[in-house]
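Since the structure comes first, as structure tokens, the remarks are kept for the end.
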Amino acid sequence: MTDFVFFGGKGGVGKTTVSSAYALECTAADEETLVVSTDPAHSTTDVFGQQFSDEPQSVEGYEGLSAMEINPDEVVQEHLLDLKRQLNAQLSATMVNEVDIQLEMAHQTPGAYEAALFDRFVDVMQNAEEYDRVVFDTSPTGSTLRLLALPELLEQWIDRLMAKRRRSIDLYEKAAIGNQEPRRVMDGDPVLARLQGRKERFEYAGDVLRQDAAFYLVLNPDELSIRETHRSVETLTEAELPVRGLVVNRLTPEPDPDEEGRGARYLRDRVATERDRLEQIDDEFDVPVVATIKTRVEEVRGSILDDVAAELDIAGSNVDPPSEQV
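Residue numbers (full-length UniProt numbering): 1 to 326.
Take a look at the structure:
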């Protein structure tokens, strides 16, 4: 069974670095691994020095590792075109233009972006049989949380649409029957069939996210990042998607004892402040800290990425979470 591991957090905390390093850790354990970037910044390309697309492709220089970058804008556009194709095939010519206008308007409303991207998430999960581990490098926290909360919301929405469709068909049949036998429109209704298919798709996604997925949050040792992480933990827990662990990234390296001067004093003060933040995180969160990662002078790629991977102690979804902190 494929494990799905999600890394979330506010923008700029280093989710791509952590998720890419974790993917390397998985391949070191002989697990066929796919990294999926849904962040519009697409830093995965920078980390591995290779251009990726919407389809998985092997990462050069890393055995057993593949990567893909989902372009949210393209996903939304493709989602719109797909809906138009399916609905237009079932509509009269006089209704096509009006439906197209309504769909264009619907895809500009709040939530359309998340709904389209969520569909792509489900596609990836449903076609991940060849991988042991799929690692999602997600967009900043707010968008990700709305995305992960969609299965339950969309299931309820589909249920209401199906109820209205059945009521409409029932009224149509009663008006059209007269003294004749029922037309049984309900049995072969293409709209109901599509809605049922969508409902099953969302049920599948909800089951996978709750049973076969693990969630980790990346944060920096500062008050803003800590507050954002509190909100994220609460939101995911309410959605029955408990967070397995926290990764505290970009800790300041301490200067050598013999180093003096303004720069050394600044670093020591910064390290002391970050120690207080780590204690605050330990005290305030029920979620364990599974890794603390120091800031690197150079960009995190190549051998430096291997070093970061060695600092992680992160479990998948089908095994017990780690009990010790790094």
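Each residue gets a CB set at the ideal place from its N, CA and C atoms; glycine is no exception.
Which first and last residues belong to the alpha helix (DSSP H) in which residue i is found?
| i | result |
| --- | --- |
| Ser19 | 15 to 28 |
| Phe48 | 44 to 48 |
Would residue i pass as a contact of residue j if the rule is Cβ separation under 8 Å?
| i | j | result |
| --- | --- | --- |
| Leu251 | Glu274 | yes |
| Ala23 | Thr16 | no |
| Val287 | Val247 | no |
| Asp82 | Asn71 | no |
| Gln77 | Ser66 | no |
| Glu63 | Gln50 | no |
| Ser20 | Thr38 | no |
| Ile281 | Val289 | yes |
| Phe7 | Val308 | no |
| Asn249 | Gly11 | no |
| Glu25 | Leu312 | yes |
Helix, strand or coil for residue i? Go by DSSP, reduced to three states.
| i | result |
| --- | --- |
| Gly12 | coil |
| Ile281 | helix |
| Phe52 | coil |
| Asp123 | helix |
| Ala239 | coil |
| Ala163 | helix |
| Asn179 | Reliability fails at Asn179, whose pLDDT of 49 lies under 50, so the model's placement of it is uncertain and the value that follows must be treated cautiously. DSSP places Asn179 in coil when its eight states are reduced to three. |
| Ala128 | coil |
| Gly261 | coil |
| Glu31 | coil |
| Glu228 | helix |
| Val208 | helix |
| Tyr266 | helix |
| Asp276 | helix |
| Glu254 | coil |
| Asp307 | helix |
| Glu74 | helix |
| Asp82 | helix |
| Asp320 | In this predicted model, Asp320 has a pLDDT of only 45, less than 50, meaning its place in the structure is not dependable; the value taken from the coordinates is given anyway. In the structure shown, Asp320 sits in coil (DSSP, three-state: anything other than H, G, I, E or B). |
| Val233 | helix |
| Tyr300 | According to the sequence provided, residue 300 is Val. The question's Tyr does not apply to it. Correct three-state label for Val300: coil. |
| Val271 | helix |
Span of the beta strand (DSSP E) holding residue i?
| i | result |
| --- | --- |
| Arg250 | 243 to 251 |
| Ile314 | No beta strand (DSSP E) contains Ile314, which DSSP labels as neither H nor E. |
| Thr138 | Thr138 -> no beta strand (DSSP E), and no H or E assigned at all. |
Which partner residues does residue i have in the DSSP bridge list?
| i | result |
| --- | --- |
| Glu69 | Ser37 |
| Thr292 | Val248 |
| Val218 | Val247 |
| Val5 | Val135, Ala214 |
| Gln57 | Ala67 |
How many whole angstroms separate the CB atoms of residue i and residue j, which I take to be in contact at a CB cut-off of 8 Å?
| i | j | result |
| --- | --- | --- |
| Met68 | Phe52 | 6 Å |
| Pro253 | Lys294 | 5 Å |
| Arg270 | Ile226 | No, Arg270 and Ile226 are not in contact; Cβ-Cβ is about 16 Å, not under 8 Å. |
| Ile314 | Gly245 | 6 Å |
| Ala208 | Val124 | Sequence inspection shows Val at residue 208; the Ala mentioned does not correspond to that position. In fact, because the Cβ distance is near 11 Å, the residues do not count as touching under 8 Å. |
| Asp212 | Asp3 | 7 Å |
| Arg210 | Glu240 | 6 Å |
| Val5 | Arg133 | 6 Å |
| Arg201 | Val122 | 6 Å |
| Ala128 | Val75 | That belief does not hold up - the Cβ atoms of Ala128 and Val75 are roughly 17 Å apart, past 8 Å. |
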